[in-house]
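Worksheet: one structure, shown below.
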């Protein structure tokens, strides 16, 4: 059974930084693409960043140049380094794993990020 556990959310001032972590279990991590999504109140869930097992990355336009996704296959973990945070980055951030062959997707429970002075 796939389990994804996020951590690292919290309250930060505009311009600050946070690092989110997601620990995976119950999967062969090296055959999963890993994503970070976010959902703000009243808005649809949007993809923030994606990383393949080979560490190719893609980012949403709103976070390019500010956020960095990375993964440690040995630790079965994926990270999201968020710099230059803005109030509009406030959302619940979700870790997601998608099997590269079956395209079956699993989700974590989410972690709240609030950017406010």
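In the numbering used here, the protein residues as written are 15 to 131. Cβ coordinates follow ideal geometry from the N, Cα and C atoms, glycine included.
Under 8 Å between C-beta atoms of residue 99 and residue 30: yes
Using beta-carbon positions only, say whether residue 78 and residue 37 come within less than 8 Å of one another. no
So, do the segment 43-56 and the segment 21-30 have three or more beta carbon pairs nearer to each other than 8 Å? no
Identify, in the order they occur along the chain, each residue of the same chain with its Cβ nearer than 6 Å to the Cβ of residue 73, setting aside the five sequence neighbours on each side. 63
Just to confirm, are residue 52 and residue 60 a CB contact at a threshold of 8 Å? yes
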